[in-house]
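Worksheet: the structure to be examined is printed underneath.
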Amino acid sequence: MSKKVYKLSEIAELLDLSLDGDGEKRIASINNLKNAKSSELSFYYSKKFKKDLKNTKAGAIILSKEDDFDFSGSKLYTDQVHLVYAKCSQLFESEISVPYLKDELSKIHESAKVNSNSYIGPYSVIEKGVQIEEGVFINSGVHIGAGTIVKKNSKIHSNVSLYPDSVIGENCIIHSGTVIGSDGLGFAKNGKKWEKIVHSGKVIIGDNVEIGAGCTIDKASSGATEICNGVKLDNQIHLAHNCHIGENTIIGANTSIAGSVRIGNNCMIGGLCGIVDNIQITDEVTIYPMTFVTNNVKNKGAYSGGPILMQHKDWLKKSVTLRKK
Amino acid sequence: MSKKVYKLSEIAELLDLSLDGDGEKRIASINNLKNAKSSELSFYYSKKFKKDLKNTKAGAIILSKEDDFDFSGSKLYTDQVHLVYAKCSQLFESEISVPYLKDELSKIHESAKVNSNSYIGPYSVIEKGVQIEEGVFINSGVHIGAGTIVKKNSKIHSNVSLYPDSVIGENCIIHSGTVIGSDGLGFAKNGKKWEKIVHSGKVIIGDNVEIGAGCTIDKASSGATEICNGVKLDNQIHLAHNCHIGENTIIGANTSIAGSVRIGNNCMIGGLCGIVDNIQITDEVTIYPMTFVTNNVKNKGAYSGGPILMQHKDWLKKSVTLRKK
Amino acid sequence: MSKKVYKLSEIAELLDLSLDGDGEKRIASINNLKNAKSSELSFYYSKKFKKDLKNTKAGAIILSKEDDFDFSGSKLYTDQVHLVYAKCSQLFESEISVPYLKDELSKIHESAKVNSNSYIGPYSVIEKGVQIEEGVFINSGVHIGAGTIVKKNSKIHSNVSLYPDSVIGENCIIHSGTVIGSDGLGFAKNGKKWEKIVHSGKVIIGDNVEIGAGCTIDKASSGATEICNGVKLDNQIHLAHNCHIGENTIIGANTSIAGSVRIGNNCMIGGLCGIVDNIQITDEVTIYPMTFVTNNVKNKGAYSGGPILMQHKDWLKKSVTLRKK
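Going line by line, the protein sequences match chains Z, V and E.
Quick note: the first sequence uses the numbering used here, first residue 1, plus one each step.
Quick note: the second sequence uses the numbering used here, first residue 1001, plus one each step.
Quick note: the third sequence uses the numbering used here, first residue 2001, plus one each step.
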């Protein structure tokens, strides 16, 4: 993984920042205020790090003019520090190490169309009729089911499973262990037994979507489970059959979303939430972690419901009281 | 994946329905009322879809006589629409595409007994003494630990891990990424450190069990963790050591069940529930999602406990009040 | 898997127990009081098993002098029955069956240093610059990213994914399907879209750590996500970027821990807990299952917060009342 080094003046130019300090200083990495060394660049974008400002050893800091302070190192100014932090982190991204060329150690069906400028890792399986576009990176042990499309520049990490007919958009990232297109929980009662409802739909994922490690996204009963452009999912999220997640919505780890839930655009859903089936949530809704959503959310705003932390002896009293009611 | 086409009269005969309409009409797929096209067959089995009845474009509908209504297409009658929907979905199930014959791309121990009418996918490993019965389908990247038995017609999807000595019944489906037979959380205090309790048991799974993607089922400390016939588990369920899940019980996604819990037959447990260790739940119990079960449930019926959704500003007030108490 | 058999007198000597009974009796397995046969050794370490004492068929029992009772079989005494149970279980541990020698069925980069006294399972991938120390066991389908170190005698089960630059200490166990070093949920707002913050840190795991199946541990944004010596994690735990878990802390299944959380030494955190970002929890804290931690925990002690189980009809009433407030 090659190290990149920039002069401060280059960073200022690339990210359109005004520089107050030594433009010749060389920067090879970024770090938070607390841990940054004098060779590193840091960022001040939230008051919760104010205490770290005084003692930071960073060689240079990116901050907004209104947060200006007395600092011996160099300063770069912007109104959007957090966004500039993201862009700056991308400047220093290591190149993916691709130690093995595409070789005999993967199994690619003769009918699959694999772009020659893509990478298929060892022990991965590309089934019948799959299309892999330019710039795609597929790590080891991945299963790509028949008829699936993986569009330009998407990255699929090791041990991911894609069921047949999935569609993965451009510039997506899917982390290890995630499963896309598994059967939803669909059964009809037959006396005391359960009769399986065969689901014939699929999963369609838009562009610029990132899906964390260990997620499970079920295919639709018919039609498609849809994850729209720009959605970001944390780890271990469960998305049941026929869900729809609107553009740029972000969801925290371990949240469990039941069948046919429709979440709007630009929502922020916390971790460990449960959303029951057929719920509709409008655009621009924030839901705090560990909330249980049992009603439609028709108005934008912030919602909660998580249980309250208390001393265990108090919880026991509350528990007894509630049960007596 | 080959498409199947049926005449309506054939469907009526196969599923024992009375037909009112054009028996010659050809049907190649099913869909819900809202999205069905005139070439498709649909179903009306719940009042929550009543609004979709008027505007449906379906070519034919299966419904009960008592829900009869004015409809220009064909109708098929039954008293058990949801069950008929399941059976009908099975009629249209695509055949599994098996692009590669069993070949050198899997590692099968010389002592394993693999029925010649079964399929072992590429890069799967079949350890010492394993038995794979007739009609079994094992996809790519699966690890089958020593001494495991997989009975007739069971399907194991890609990247599943089975630890040694597991027993999988007939006609089971295990979805991708699931782990069966891992060690339970068993430790004894040794001063401040933890001493591992070696678990020597296993997991036994009955017939007609379906286990979703990303589940983890621990083996027993001794004896067996048992999942009985007809159980259906959704995705990302955790089942700890020595649990027993009774026949035909169904459990929602992300539910976490601690050690030695015993759940009866014909229960319905919602998603994101937590059940503490050694709890006993009798037969025919319904537990709603996100419930925390800390007491035995001795009487059949419906139980809840999930937190209540509210505006975030109200939750903050409640939180302050509760803490002050 | 070879069976081990010990005389009772050998067990007494190995574990420093005083024996009252037949030292020549041969023991080939251990079991709980309820299920033990006359050829088996059992243990009495908790009053919740008192009811099983009278009817046990065990051939020998390990217990403390103060719990002594009238029993026809042999008895072995100790003050630390639970710890002796753990040590005894280790005496009977089966040897791992290693059916295949390290062979051509794994892909090892030429720059990796793999100790000759280690085992790499079929279809596993060892990337550039990896170091695998003596006595390491890596099962099938494992991906070890570039620059990773796996120290002495650690065991990694099938289908685990380690991202680049991870450090795994000595004597660790990592169960199947677990992912270590995935990207944390790090994004900055760019209008309505999200800009990725590239995380350049890693995961460092100490010695004697056990991580259950299906866990996800994200790498740090910079520096390291740290799991200290002796930590034990159950299945399906999520640990976000930059977390620190102190020595000998044990965490239950499905608990979700957000970014930059710091948990002290010797804590016990129950299953299905949610801990929001940047929380600090001091040493020797117990948190019961399904608790939502939104404040720092500065004093040792026991904390709760899980919802209370009730009849569903009562929950519906409570739900209406709370919403009206």
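Just so it is clear, CB atoms sit at the ideal spot from N, CA and C, and this is done for glycine as well.
{"Item": "Q2236 (chain E), buried or exposed, once every other Cβ within 10 Å from all chains shown has been counted against 16", "Value": "buried"}
{"Item": "The region 1073-1080 of chain V / the region 1015-1023 of chain V touching (three or more Cβ pairs under 8 Å)", "Value": "yes"}
{"Item": "Buried or exposed by the 16-neighbour rule on C-beta atoms within 10 Å, applied to A1028 (chain V)", "Value": "exposed"}
{"Item": "Chain Z contact for A2302 (chain E) (CB, 8 Å cutoff)", "Value": "yes"}
{"Item": "7 Å Cβ cut-off: residues of chain E touching E93 (chain Z)", "Value": "V2198"}
{"Item": "Straight-line gap, F2379 (chain E) to K2007 (chain E) (C-alpha atoms, nearest Å)", "Value": "Here chain E comprises residues numbered 2001 to 2325, so residue 2379 (chain E) is not present and cannot be evaluated."}
{"Item": "Below-8 Å beta-carbon distance, E2210 (chain E) vs any chain Z residue", "Value": "no"}
{"Item": "D1234 (chain V): contacting residues in chain Z (beta-carbon distance under 7 Å)", "Value": "L185"}
{"Item": "Chain-ordered neighbours of A213 (chain Z) on chain V, where CB pairs are closer than 8 Å", "Value": "Result: empty, since nearest Cβ-Cβ is about 10 Å, beyond 8 Å."}
{"Item": "Neighbourhood of L2162 (chain E) by C-beta, 7 Å cutoff - its chain only, sequence neighbours within 5 removed", "Value": "H2143, I2144, G2145, T2148, I2180 and G2181"}
{"Item": "Cut-off 6 Å between Cβ atoms - residues of its own chain near Q1131 (chain V), not counting five sequence neighbours on either side", "Value": "K1113 and I1149"}
{"Item": "Beta-carbon neighbours of A1253 (chain V), restricted to chain E and to distances below 8 Å", "Value": "Under the 8 Å cutoff, chain E gives no residues; its nearest Cβ is about 11 Å from A1253 (chain V)."}
{"Item": "Candidates E:F2043, E:G2306 and E:H2244, of which the one nearest A1188 (chain V) by Cα", "Value": "E:F2043"}
{"Item": "Residues, ordered as in the chain, of the region 2115-2147 of chain E that lie near chain V by beta-carbon distance below 9 Å", "Value": "G2121, P2122, Y2123, N2139, S2140 and G2141"}
{"Item": "Buried or exposed by the 16-neighbour rule on C-beta atoms within 10 Å, applied to D2183 (chain E)", "Value": "buried"}
{"Item": "Alpha carbon of N1254 (chain V) to alpha carbon of S2256 (chain E), nearest angstrom", "Value": "12 Å"}
{"Item": "Proximal residues of chain Z, C-beta to C-beta of V2276 (chain E) below 7 Å", "Value": "P289"}
{"Item": "Interfacial residues, the region 1168-1183 of chain V to chain Z, with Cβ spacing under 7 Å", "Value": "H1175, S1176 and G1177"}
{"Item": "Helix, strand or coil at T282 (chain Z) [DSSP, three-state]", "Value": "coil"}
{"Item": "Cβ of V2306 (chain E) within 8 Å of any chain V Cβ", "Value": "Just to set this straight, residue 2306 (chain E) is Gly in the shown sequence, not Val. So yes, G2306 (chain E) belongs to the interface."}
{"Item": "Supposed contact pair S1111 (chain V) and I197 (chain Z) - C-beta distance, whole angstroms, cut 8 Å", "Value": "With 8 Å as the limit, I197 (chain Z) and S1111 (chain V) do not qualify as a contact, their Cβ atoms being about 40 Å apart."}
{"Item": "Straight-line Cα distance separating L63 (chain Z) from G301 (chain Z)", "Value": "29 Å"}
{"Item": "Within chain Z, the residues that K2107 (chain E) reaches when beta carbons sit closer than 8 Å", "Value": "Y100, L105, P122, Y123 and S140"}
{"Item": "Other residues of its chain near F2049 (chain E): CB distance less than 6 Å, five sequence neighbours each side excluded", "Value": "L2033"}
{"Item": "Coil, strand or helix - D2314 (chain E) by DSSP", "Value": "helix"}
{"Item": "Contact list for the region 2258-2273 of chain E against chain V, Cβ threshold 7 Å", "Value": "N2266, G2271 and L2272"}
{"Item": "Exposed unless 16 or more other CB atoms sit within 10 angstroms - verdict on N2055 (chain E)", "Value": "exposed"}
{"Item": "Nearest-angstrom Cα separation, counted from G1206 (chain V) out to E1226 (chain V)", "Value": "8 Å"}
{"Item": "Start-to-end residues for the beta strand (DSSP E) that takes in A1188 (chain V)", "Value": "F1187 to N1190"}
{"Item": "Chain Z contact for L1162 (chain V) (CB, 8 Å cutoff)", "Value": "no"}
{"Item": "Contiguous beta strand (DSSP E) assignments of at least 3 residues, all confined to the region 2163-2243 of chain E", "Value": "2179-2182, 2187-2190, 2193-2196, 2202-2205, 2216-2218 and 2224-2227"}
{"Item": "Proximity test, Cβ basis, 8 Å: Q280 (chain Z) and chain A", "Value": "Any reference to chain A falls outside this structure, whose protein chains are Z, V and E."}
{"Item": "Members of the region 2216-2241 of chain E near chain Z, C-beta cut-off 8 Å", "Value": "T2216, D2218, S2221, S2222, G2223, Q2236, H2238 and A2240"}
{"Item": "Status (buried if at least 16 other CB within 10 Å, exposed otherwise) for V2005 (chain E)", "Value": "exposed"}
{"Item": "Residue environment, V2320 (chain E), which counts as buried when at least 16 other CB atoms sit within 10 Å", "Value": "exposed"}
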